[in-house]
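Visitor: In the working numbering, the protein residues as written are 4 to 572.
1. How long is the line joining the alpha carbons of residue 364 and residue 212, rounded to whole angstroms?
2. Given this structure, state the Cα-to-Cα distance separating residue 349 from residue 170, to the nearest angstrom.
3. Out of 184, 287, 166, point me to the one whose CA is closest to residue 268's CA.
4. For the candidate residues 444, 354, 521, whose alpha-carbon lies nearest to that of residue 498?
5. Using DSSP with H/G/I as helix, E/B as strand and the rest coil, what is residue 218?
6. Is it the case that the stretch 423-438 contacts the stretch 508-525, given that we only count it when at least three CB pairs across the two stretches are under 8 angstroms?
7. Which of the three DSSP states, helix, strand or coil, is assigned to residue 500?
8. On the DSSP bridge list, what partners appear for residue 443?
9. Does DSSP put residue 399 in a helix, in a strand, or in coil?
10. Which residues in the same chain have their Cβ closer than 6 angstroms to the Cβ of residue 217, if we skip the five residues on either side of it in sequence?
11. Could you check the C-alpha separation between residue 177 and residue 379 for me, to the nearest Å?
12. Which stretch, first to last residue, makes up the beta strand (DSSP E) that contains residue 313?
13. Between residue 546 and residue 421, what straight-line distance do the alpha-carbon atoms span, to the nearest angstrom?
14. With residue 75 as the anchor, note down where its beta strand (DSSP E) starts and where it stops.
15. Around the Cβ of residue 263, are there at least 16 other Cβ atoms within 10 angstroms (buried) or fewer (exposed)?
16. For the 8 angstroms Cβ check, are there 3 or more pairs between the stretch 399-411 and the stretch 217-234?
17. Assign residue 392 to one of three DSSP states: helix, strand, or coil.
18. Are the stretch 530-538 and the stretch 438-452 touching, with three or more C-beta to C-beta distances below 8 angstroms?
19. Under three-state DSSP, which class holds residue 574?
20. Could you give the residue range of the alpha helix (DSSP H) that holds residue 292?
21. I'd like to check one pair, residue 502 with residue 574: are the Cβ atoms closer than 8 angstroms?
22. Name the residue from 465, 383, 10 whose alpha carbon lies nearest to the alpha carbon of residue 511.
23. What residues in its chain sit with their C-beta under 7 angstroms from that of residue 275, if we drop five residues either side in the sequence?
24. List the endpoints of the continuous beta strand (DSSP E) containing residue 324.
25. Is the CB-CB distance between residue 488 and residue 344 below 8 angstroms?
26. Can you tell me where the beta strand (DSSP E) holding residue 520 begins and where it ends?
27. Look at the alpha carbon of residue 408 and the alpha carbon of residue 137, and state the distance between them as a whole number of angstroms.
28. Only counting runs of 3 or more residues, tell me where the beta strand (DSSP E) segments fall wholly within the stretch 86-168, in order along the chain.
29. Check whether the Cβ atoms of residue 130 and residue 110 lie closer than 8 angstroms to each other.
30. Quick one: any contact between the stretch 66-84 and the stretch 148-164, if contact means 3 or more CB pairs under 8 angstroms?
31. Spatial neighbours of residue 467 within its chain, please: CB distance less than 6 angstroms, with the 5 preceding and 5 following residues excluded, ordered by chain position.
32. So, at 6 angstroms on beta carbons, what are the nonlocal neighbours of residue 306 in its own chain, with the 5 sequence-adjacent residues on each side left out?
33. Please report the straight-line C-alpha distance between residue 18 and residue 94, rounded to a whole angstrom.
34. Determine the direct distance from the alpha carbon of residue 240 to that of residue 246, and round the result to whole angstroms.
35. What does the alpha-carbon distance come out to for the pair residue 367 and residue 299?
36. Given this structure, state the Cα-to-Cα distance separating residue 554 from residue 513, to the nearest angstrom.
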């Protein structure tokens, strides 16, 4: 009898093997599924989410900057770029691209039908968000689009010395100094892939983080005054061939900066030039004599009745001769010394004070230290320590030599004379705005430099400078002006500095302006020849814009009514 398995046995064995293999497969499958669903559940969920969900950074809006009147100085604009990658576009979808180009209108230079070039083609750039958002729903899914936000400056160069610039690579000026306020924090949004409509937002359970937008700034700057000053400054710098020019206009009642013009605005390589109102310090020359006068009057070392011998037009100290810039040849009273800008008389005036007393007044007026304005790279200027003075130091200091100051420092010190003797810290940022709420920044406390009586006496003498002295070219029609001319011969570099510092109205000033030109041509070296006339032009236009500065706040007179054929109130 044969031991060979029958055909049925062989079939049965094969079926058993298949059952065993199927069972093993089922066991392995269940084991694998259990591993996926239980042991590796979190890992595979994260992998699936990464494949289906896209994390997108939501750009925070940079804070905008406004002037004191609410005019936009720095803002943001979002623009779109539309493009196509031809290898991804089926032939039967070409008509969708032509439709897109037609919808883009004048923003696209591509002809219709669009020429297929085999690679990537930019269909349109710089498309405003307001327009682009209207055509996105109808845009072919085969077209690509992206958005970018740019910083825009409506007043262009006129505000650049103050605002500075900002782009993705660098911030300058106020944009840099106030970066922590202006720069927001980007958010995060998660989007789920969709084959038809680009992306759709995941439900509210997604870990989305809203962006925190930057804070808006409201400045003390009046853009109308800034435009006036910047235009006049550019014209005068070009006419006089000066290295640079600067104009600072402040409100003496609180230290607010109304104008901070500087020219040139840009360097030859296109980079932003320094703002010379803050970032340059020079010898102020004769405009400093107002502080010598203030110190002596406040310390009661002189009176208005005192006289000073200026007959020889020079004075000798320690073997060194100090000359007047022009022959005077007479004895002058205190007003005459300042009105005629006599170096000889001013040196005699300073000699009535001790070195330490005069130095203390100069420091108290803010010289030799930063004003702490909200702006980068401020210069502190120089005033020598009294312990290092030579025998000539007090005389030189009295006439604006051996000292350096920024135009802003000079303006703030003149502001103290204008407001009755109080030196304020300058303020450039008036308030911030966040979530629709305006938060005014606290004004810095002022400290008294001289008495109200002294300040009034100095203003009276400075008025004589403009009516009868070296500053007649600074006279402004319809308003009294008090001020001082300055001409400084540069000791470190060849050339001169032309300056004028003044205030209006003279008896109760509401505005202080300082105008300085560095190294103009020789014919323009005098403060009376260049800086004073520019002061006149700038202030005249500002008063035309804001007559209340000269006239005060208008009083309502009631309504006009007709009575008996005539108008009455």
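Quick reminder that beta carbons are idealized off the backbone N, C-alpha and C, glycines included. Note that the coordinates shown come from a computational prediction; the quantities given were computed from them, not determined experimentally.
Guide: Answer, in terms of the structure:
1. 56 angstroms
2. 51 angstroms
3. Residue 268 has its Cα closest to that of 166, out of 184, 287, 166.
4. 521
5. Correct three-state label for residue 218: coil.
6. no
7. strand
8. 434
9. helix
10. Same-chain partners within the cutoff: 65, 66, 185, 186, 187.
11. 7 angstroms
12. 310-313
13. Looking at the two C-alpha atoms, the distance is approximately 17 angstroms.
14. In the DSSP assignment, residue 75 falls within the unbroken beta strand (DSSP E) covering 75-88.
15. By the Cβ-count criterion, residue 263 is buried, with 16 or more other Cβ atoms from all chains shown falling within 10 Å of its own Cβ.
16. no
17. In this structure, residue 392 counts as coil in the three-state DSSP scheme.
18. no
19. In the structure as shown, the chain starts at 4 and stops at 572, and residue 574 therefore has no counterpart that could be examined.
20. 292-301
21. In this structure the chain extends from 4 to 572, so residue 574 is not present and cannot be described.
22. 465
23. If we look at residue 275 and ignore the five residues flanking it on each side, its Cβ neighbours are 163, 167, 168, 175, 176, 269.
24. Run containing residue 324: 323-326, per the beta strand (DSSP E) assignment.
25. yes
26. Its beta strand (DSSP E) spans residues 514-521.
27. In this structure, the CA atom of residue 408 is about 55 angstroms from the CA atom of residue 137.
28. 123-131, 146-155
29. Here residue 130 is near residue 110, since their CB atoms are less than 8 angstroms apart.
30. yes
31. 338, 342
32. none
33. 54 angstroms
34. 7 angstroms
35. 14 angstroms
36. 10 angstroms
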